[in-house]
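Below is one structure; the comments refer to it alone.
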Amino acid sequence: MSEKSRVPSDVRERVEELREQIRHHDYRYYVLDSPEISDAAYDELYAELKRLEAEQPELVTPDSPTQRVSGQTRPGFNEVEHHAPMLSLDSGSDEETLRRFDSRVRTALDGPVVYIVEPKLDGLSVELVYEDGQLARAATRGDGRVGEDITPNVRTIGSVPLTLRAEREAPSRLALRGEAIMMIEDFERLNAQLTQADKPVFANPRNAAAGSLRQLDPGVTAERPLVFFAYEIMAVDGQTFESQSDRLTAFGDWGFKISRHVKKADDIDEAIAWHHQLESERDDLEYEIDGVVVKLDDLAAREELGATAHHPRWAFAYKFEPRREISEIQAIVVQVGRTGKLTPVAMLRPVDVGGVTVSRASLHNREEIERLDIRVGDKVRIQRAGDVIPQVLERIDDSKTKRGPRFRMPERCPSCGTEIVSPGGPLDYCPNGLACPAQLKGRLQHFASRGALDIDGLGERTVVQLLESGLVESVPDLLTLEAKELMELEGFAELSANNLVEAVEEAKHTTLDRFLYALGIPEVGAQTARDLAAHFGTLDAVLEAGPEDLEAVAGIGPKVAEAAHDFLSNSTTRKMIERLRQRGLTVEEAERPSSDALAGLTFVFTGSLSRLTRSEAKDLVESLGGRTTSSVSSKTDYVVAGEDPGSKYEQAQELDVKILSEDDFLAMLPKGAR
Ligand code: IVH
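Residues in the sequence shown are numbered from 4 upward in steps of one, following my numbering.
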């Protein structure tokens with residue numbers, strides 16, 4: 004008996020019918036935003052399909068609407084090579100640059116042109132590949148040549164069709180590009196939920212979209228409200244298109260969402276007008292956009308113009324100015340961070356800057372306040388760049404405002420009253436260390452943070468509760484928390500208390516670099532902590548090191564060495580480490596370099612390498628005792644440039660840093676290293 008005949012044909016038909024209906028309603032709901040049936044009626048269809056598929060598992064197909072979530076967490080993302088490099092766009096925020104782009108285009112094509120002006124969606128760029136109408140693969144942009152395979156995650160996005168709609172014939176192969184974004188409303192709801200759960204929130208919808216999509220567990224992605232908009236065809240077999248407008252129509256037919264804010268422009272002035280129009284509506288849109296993309300409509304003309312190594316010559320991203328508003332300084336308060344550093348913060352009359360209420364902005368230090376020449380009562384212009392952190396740009400001269408007195412740093416710590424020290428330069432410190440409540444709070448938070456011991460569920464709110472209740476008076480106290488005492492705290496139930504105890508238990512076994520970072524050694528960030536760990540190997544070796552030994556670590560100068568040594572040899576630090584160990588903390592030995600062939604050398608990689616991945620290259624350098632950093636400076640010894648190197652290549656030239664090809668780099672490694 005053949006496979007097929009085992010399932011009664013009426014069941015088979017019903018399953019097909021249900022799938023058709025569910026696909027239709029998914030499309031109405033996720034793509035058109037216009038459902039035809041109630042959620043309850045939809046749930047019924049879905050439940051019936053689920054039931055039939057459970058009874059007849061051989062009927063389950065990968066494109067069934069029930070198969071959006073595949074289930075398992077993966078150990079990491081696989082790399083996928085893009086068919087054609089995923090280029091980025093030439094961009095600028097001034098009209099002049101855009102006009103120059105336009106005249107280049109018209110000169111090259113020798114005539115007038117038509118543009119399509121699309122919103123520049125602020126999310127994560129994703130490439131989708133369909134084979135015979137079925138979603139076959141989804142990948143991030145990565146470095147443009149190689150991206151990450153995020154297919155299981157993308158399958159969970161309701162507005163990504165698993166099967167192209169039959170409104171238009173499905174090509175045998177279709178590769179397209181679009182943006183996965185999070186709607187502003189959904190972003191706010193998600194952050195509210197995260198706050199409730201005492202988890203870190205996302206800074207903006209783009210980070211939320213990226214963080215949700217790059218989850219190793221597609222189940223988590225499925226819970227996040229992501230939306231996909233299609234905007235470019237990268238390759239299509241068997242069908243030809245003449246214009247971007249035709250392609251956008253095709254996207255609609257295939258069941259993709261396309262932005263409602265696309266406009267055809269007969270010349271650059273119309274494109275500029277649309278940019279201004281969208282900029283003025285920007286704060287009322289349902290998603291974040293950071294400009295418009297001006298693209299040639301005519302695809303044959305695009306062919307003619309071609310692309311540079313970085314971007315197509317037929318498109319330009321005309322960005323919006325960062326959002327700016329005017330506010331007033333109501334007070335300047337001084338905060339004490341985990342290292343004791345004093346940071347003046349401007350308390351502002353709350354203003355809405357692009358949908359986010361800004362009521363405070365860091366003024367960084369005493370000198371910055373002098374530079375800006377600001378006082379309480381002053382009117383100031385503030386800016387929120389793409390990344391939310393608000394900045395005070397300048398004081399606005401206004402004879403009508405009454406200016407307060409000049410700002411002066413307090414002489415005593417606002418948290419513990421200890422006399423402030425100012426070691427010269429712009430910074431001021433409270434020298435009271437962990438005996439200062441503000442510093443203790445900062446240190447506890449830092450100790451538990453992601454790059455440090457990564458104790459899940461121990462965010463700022465919980466740290467404050469632990470301190471206020473007296474359950475924790477020092478860092479080592481974190482290790483002896485008990486579920487029953489936690490349950491006394493507001494917002495804790497048995498489950499959450501047990502989870503936190505469990506998370507602490509897990510964190511007790513850690514790696515040397517994480518532990519060194521967690522200690523909060525002055526001037527020692529995550530990178531320096533890794534350098535120290537790789538150099539010394541064990542915690543005891545780090546603790547025994549003198550200032551000269553520390554200075555011998557590549558990337559550590561005399562000042563950092565001295566500060567780190569003071570901190571590490573200090574009796575408070577020693578006692579703390581001792582007590583952490585007594586309470587069960589164990590620190591793994593770090594992997595030592597297998598040779599010191601590259602000791603003392605600093606590498607920066609740019610562009611795509613062909614024989615090894617970026618991370619393999621970095622591991623290789625580190626295993627040979629060298630270090631890698633992400634930006635070029637005068638301390639960089641070599642920049643290794645692969646295909647399509649970025650701006651680091653030019654920086655290297657400017658700074659006279661030696662540039663190596665991938666082959667040069669491989670050739671300088673000792674035999675057998677690779
Ligand atoms: S077209 C070959 N259209 O902007 C060029 N990009 O660097 C393909 N973006 O990474 C890009 N909205 O993530 C295009 N309507 C739009 C876009 C758009 C947003 C993003 C894309 C890209 C970045 C530009």
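Cβ coordinates follow ideal geometry from the N, Cα and C atoms, glycine included.
- With 16 or more neighbouring CB atoms inside 10 Å of its own CB, residue 178 falls in the buried class.
- Burial state of residue 243 is exposed, judged by a 10 Å Cβ sphere holding fewer than 16 other Cβ atoms.
- Secondary structure note for residue 354: its beta strand (DSSP E) is the uninterrupted segment 345 to 356.
- Residue environment analysis places residue 585 among the exposed positions, since fewer than 16 neighbouring C-beta atoms fall within 10 angstroms of its C-beta.
- In this model, residue 61 and residue 180 are separated by some 33 Å (Cα to Cα).
- Note on residue 256: under 16 other CB atoms within 10 angstroms of its CB, so exposed under the neighbour-count rule.
- Partner residues in a beta bridge of residue 520, as assigned by DSSP, do not exist.
- Counting other Cβ atoms within 10 Å of its Cβ, residue 395 reaches 16 or more and is therefore classed as buried.
- For the pair residue 274 and residue 102, the Cα-to-Cα distance works out to about 10 Å.
- Bounds of the beta strand (DSSP E) holding residue 512 are 512 to 514.
- Residue 553 and residue 467 have their C-alpha atoms spaced approximately 35 Å apart.
- The alpha-carbon separation between residue 30 and residue 280 amounts to approximately 29 Å.
- When distances are taken from the beta-carbon of residue 121 to the heavy atoms of ligand 1, the shortest one is below 6 Å.
- At a threshold of 6 Å, residue 235 counts as near ligand 1, since its beta carbon sits closer than that to one of the ligand's heavy atoms.
- Assignment of beta-bridge partners to residue 143 by DSSP yields 129.
- By the Cβ criterion, the stretch 395 to 415 is in contact with the stretch 371 to 385, since at least three pairs of Cβ atoms, one from each stretch, lie closer than 8 Å.
- According to the DSSP assignment, residue 19 belongs to the alpha helix (DSSP H) that extends over 12 to 29.
- The alpha carbon of residue 571 has as its nearest neighbour, out of 582, 519 and 67, the alpha carbon of 519.
- Residue 474 and residue 86 have their C-alpha atoms some 57 Å from each other.
- Note on geometry: alpha-carbon atoms of residue 92 and residue 117 lie some 19 Å from one another.
- A residue is called buried once 16 or more other Cβ atoms fall within 10 Å of its Cβ, and residue 469 is buried on that count.
- Here residue 324 carries a coil assignment [DSSP, helix/strand/coil].
- When DSSP states are grouped into helix, strand and coil, residue 626 belongs to the helix group.
- For residue 308, the distance from the CB to the nearest heavy atom of ligand 1 is not below 6 Å.
- For residue 136, no beta strand (DSSP E) run applies, since DSSP gives it neither H nor E.
- In the three-state DSSP reduction, residue 187 falls in the helix class (H, G or I).
- For residue 487, the enclosing alpha helix (DSSP H) starts and ends at 486 to 489.
- In terms of side-chain proximity, the C-beta atom of residue 182 is found nearer than 6 Å to a non-hydrogen atom of ligand 1.
- Apart from the 5 residues on each side of it in sequence, residue 248 sits with its Cβ closer than 8 Å to the Cβ of 119, 267 and 300 in its chain, given in chain order.
- Proximity of the beta carbon of residue 315 to ligand 1 is indicated: a heavy atom of the ligand is located closer than 6 Å.
- In terms of Cα proximity to residue 563, the closest of 537, 589, 331 and 525 is 525.
- Classified as buried, residue 444 has 16 or more neighbouring CB atoms from the shown chains inside 10 Å of its CB.
- Residue 542 and residue 592 have their C-alpha atoms roughly 8 Å apart.
- Distances between the C-beta of residue 636 and the heavy atoms of ligand 1 are all 6 Å or more.
- If you keep only unbroken alpha helix (DSSP H) runs of at least 4 residues inside the stretch 367 to 422, you get 369 to 375.
- Under the 10 Å beta carbon count, residue 360 is surrounded by fewer than 16 other beta carbons and is classified as exposed.
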